[in-house]
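Only one structure is covered here, and it is reproduced in the block below.
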Amino acid sequence: MKRLLSDKLAILALSILVTVMIMGLFAPFFSLHDPLEQNIAFKFAGMSWEYPLGTDHLGRCIYSRLIFGIRNTVFLAMLTMVCTIGIGVVVGVISGYYKGVVDEMMMRFCDVMLSFPSQVMILAIVGVLGVGIENIILANIVIKWTWYARMIRGMVAGYNYKNYVLYAKTIGKSDRFIISRHLLPNIFSEIIILATLDMGWVIINISTLSFLGLGIQPPFPEWGAMLSEAKNVLMSNPSQMMAPGVAILVVVASFNILGDALRDMLDVKGVVK
Amino acid sequence: MLEAKGIVKGYHESQGLFKKRHKAVLKGVSLHVKRGECVGLIGESGSGKSTLGKIILGIEKADEGTISFEGKSDKRAYEKEMSVVFQDYTSSINPRFRIKEVIAEALGKSIACAKEKRAYILSLLEEVGLNETFLERYAHELSGGQLQRVCIARAIATKPKFILLDEAVSSLDVSVQLQILELLKALKEKHNLSYLFITHDVMCVTYLCDRVIFFKEGECVESVDKIEDLKHISHPYSKSLLGAVEALEIPNFC
Ligand SMILES: Nc1ncnc2c1ncn2[C@@H]1O[C@H](COP(=O)(O)OP(=O)(O)OP(=O)(O)O)[C@@H](O)[C@H]1O
Ligand SMILES: [Mg+2]
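Same order as they appear, the protein sequences are chains A and B.
Anchor point for the first sequence: position 15 equals 15 in my numbering, and the numbering is continuous, going up by one each time.
Anchor point for the second sequence: position 69 equals 1069 in my numbering, and the numbering is continuous, going up by one each time.
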């Protein structure tokens, strides 16, 4: 923790993310307008006290849409991550701890899944299930969990041969005890790092698919969808791109910086005090 | 008390992408350890000593052969009577555990009262020459010798009858080695323990063991029933192991 605090950039990233999340949680409190409220008379308005970031082509407050967009963009990405890791941990731990035939079968299945190009698979799944954010999330989970299962299996297999695990097995400790006290706490930090580094990818993914019109449907605010709407007026009002573009950039960069910092921190010592 | 009969164990070794070759590690090993006895197992690196140890402990399954402990051959039935100390003390203790948690893990739920438990853990630490100040520490705050003492305390915490010492002193420096050996000897006398002492260092064997088995490439090549007879061994392999030590001529050890 101390090392993390001494890294100024990581602190900045962390505080940005915390601020963003608080704003997303209390969106109605931070926003100035209803994000769906249209006011055609004020379309493409510049910055003002009433509309801090101006208005879009339907006269909606961009600032308020950005704030409400946090819920869709960042929180849905986090939900995706939590589900992915949950499945990955269960499969990875079973595979890595019990080994044998189950392990062999699961890992071959993962190999098959991993050999498909992920973006194409996502598009295929959305194509089959239909457009909508639920399907985007589902597709993301289906694509990602195999990768996590493999990573986690590798970690578990490594800890499986640590002497303290061998000792616990010798004196007949239950599998539940060994998994919950020895294995999970040790792989947890590594999982957090992977997840943080991967959050950026998921956010971009959800935004990209919304940009293409496959995810969040208008009029609901989502950063990728906002970019998509802005692109229609790219020539006449290029500044429309700014707000959602910068928001995605800053949040994704923050997650990556934080992930890097966490990795540096935990790699060196490997021991959490 | 402990009896291993005809243990055979092999591993599949992958060669290239698809070919797998069976590699025999243990080729029909039999040995027995009596109550209160210390048996030394000497052999060169890679001869399968640790593998045999793991099979005796029940962590790995033998391909053939049986392990029986006081007549019982089911691991569940005798696992409470066995314990182990490994060579690599750094990975023997979970870095996230405090020392008291390490020993509490071994105790499990056998002592319900927290105060009683703490007192027992403390008495164990004192038995291995540590004190109260170590209770709250983590593994990385201890020296190698201290860690190995904690491992020994943990091993005797369950009141086992048999302890496997897999090169328990090999990675310590000589003066600490001697202290740990003395400690092991004292504990053995006090609790009437049996040891299987795996090592490749003949010196330690002469200090601690009653009997010695020479181990080579998965087979017992020679056994010496009285430690005093160690000079009269006949097999060239055991001689070469002893000779290697004499050639070093470490002055007045032990
Ligand atoms: N899980 C495994 N898979 C494949 N081969 C293994 C495995 N464990 C051990 N072996 C092989 O078995 C042989 C014996 O290993 P073992 O660890 O028992 O040797 P050892 O006598 O304890 O050596 P050392 O004195 O160096 O500890 C080695 O050749 C090793 O490569
Ligand atoms: Mg070994």
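The beta-carbon is built from N, C-alpha and C at its ideal position, and this holds for glycine as well.
Residue j beta carbon less than 8 Å from that of residue i
i, j, result
"residue 1082 (chain B)", "residue 1033 (chain B)", "no"
"residue 1079 (chain B)", "residue 179 (chain A)", "no"
"residue 298 (chain A)", "residue 66 (chain A)", "Beyond the ends of chain A as shown, which are 1 and 273, falls residue 298 (chain A); an answer cannot be given."
"residue 228 (chain A)", "residue 245 (chain A)", "no"
"residue 22 (chain A)", "residue 84 (chain A)", "no"
"residue 1164 (chain B)", "residue 1124 (chain B)", "no"
"residue 1157 (chain B)", "residue 1106 (chain B)", "yes"
"residue 89 (chain A)", "residue 251 (chain A)", "no"
"residue 1118 (chain B)", "residue 1130 (chain B)", "no"
"residue 1180 (chain B)", "residue 1187 (chain B)", "no"
"residue 1053 (chain B)", "residue 1225 (chain B)", "no"
"residue 253 (chain A)", "residue 223 (chain A)", "no"
"residue 38 (chain A)", "residue 69 (chain A)", "no"
"residue 1062 (chain B)", "residue 1031 (chain B)", "no"
"residue 1040 (chain B)", "residue 1213 (chain B)", "yes"
"residue 1238 (chain B)", "residue 1199 (chain B)", "no"
"residue 255 (chain A)", "residue 9 (chain A)", "no"
"residue 1263 (chain B)", "residue 167 (chain A)", "Lying before the first or after the last residue shown, residue 1263 (chain B) is absent from chain B, which here runs from 1001 to 1254."
Length of the line joining the Cα atoms of residue i and residue j
i, j, result
"residue 1138 (chain B)", "residue 1097 (chain B)", "6 Å"
"residue 1249 (chain B)", "residue 1023 (chain B)", "Unreliable placement is indicated for residue 1249 (chain B), whose pLDDT of 49 sits below 50; the coordinate value is still reported in the next sentence. Looking at the two C-alpha atoms, the distance is approximately 36 Å."
"residue 1008 (chain B)", "residue 1060 (chain B)", "12 Å"
"residue 1160 (chain B)", "residue 1219 (chain B)", "28 Å"
"residue 240 (chain A)", "residue 31 (chain A)", "18 Å"
"residue 57 (chain A)", "residue 150 (chain A)", "46 Å"
"residue 274 (chain A)", "residue 118 (chain A)", "Residue 274 (chain A) lies beyond the range of chain A shown here (1 to 273); nothing can be said about it."
"residue 158 (chain A)", "residue 1058 (chain B)", "20 Å"
"residue 207 (chain A)", "residue 226 (chain A)", "9 Å"
"residue 101 (chain A)", "residue 93 (chain A)", "14 Å"
"residue 1035 (chain B)", "residue 95 (chain A)", "40 Å"
"residue 174 (chain A)", "residue 128 (chain A)", "44 Å"
"residue 217 (chain A)", "residue 205 (chain A)", "15 Å"
"residue 1208 (chain B)", "residue 99 (chain A)", "38 Å"
"residue 1065 (chain B)", "residue 1006 (chain B)", "5 Å"
"residue 342 (chain A)", "residue 202 (chain A)", "With chain A represented from 1 up to 273, any question about residue 342 (chain A) goes unanswered, as that position is not in the structure."
"residue 1026 (chain B)", "residue 1044 (chain B)", "14 Å"
"residue 34 (chain A)", "residue 51 (chain A)", "12 Å"
"residue 1019 (chain B)", "residue 1010 (chain B)", "16 Å"
"residue 1235 (chain B)", "residue 1221 (chain B)", "7 Å"
"residue 133 (chain A)", "residue 15 (chain A)", "28 Å"
Contact test: residue i Cβ vs ligand 2 heavy atom, cutoff 7 Å
i, result
"residue 1091 (chain B)", "no"
"residue 1050 (chain B)", "yes"
"residue 1060 (chain B)", "no"
"residue 1201 (chain B)", "no"
"residue 1259 (chain B)", "Missing from the structure shown is residue 1259 (chain B); chain B here goes from 1001 to 1254 and no further."
Residue i CB to nearest heavy atom of ligand 1 below 7 Å
i, result
"residue 1046 (chain B)", "yes"
"residue 1219 (chain B)", "no"
"residue 1040 (chain B)", "no"
"residue 1212 (chain B)", "no"
"residue 91 (chain A)", "no"
"residue 1029 (chain B)", "no"
"residue 1025 (chain B)", "yes"
"residue 98 (chain A)", "no"
"residue 154 (chain A)", "no"
"residue 1043 (chain B)", "yes"
For residue i, the three-state DSSP class (helix, strand or coil)
i, result
"residue 1173 (chain B)", "coil"
"residue 1011 (chain B)", "strand"
"residue 1235 (chain B)", "coil"
"residue 1086 (chain B)", "coil"
"residue 1222 (chain B)", "strand"
"residue 1166 (chain B)", "strand"
"residue 1199 (chain B)", "strand"
"residue 1065 (chain B)", "strand"
"residue 1022 (chain B)", "strand"
"residue 1194 (chain B)", "strand"
"residue 215 (chain A)", "coil"
"residue 1206 (chain B)", "helix"
"residue 1002 (chain B)", "strand"
"residue 1028 (chain B)", "strand"
"residue 1093 (chain B)", "coil"
"residue 1041 (chain B)", "strand"
"residue 43 (chain A)", "coil"
"residue 1138 (chain B)", "strand"
"residue 178 (chain A)", "helix"
>> Quick check: the stretch 177-197 of chain A against the stretch 42-57 of chain A, are at least 3 beta-carbon pairs closer than 8 Å?
In response: no
> Counting Cβ pairs closer than 8 Å, one from the stretch 1083-1090 of chain B and one from the stretch 1142-1156 of chain B, do we hit at least three?
Replying inline: yes
> Are the stretch 174-190 of chain A and the stretch 219-234 of chain A touching by the rule of at least three beta carbon pairs closer than 8 Å?
Replying inline: no
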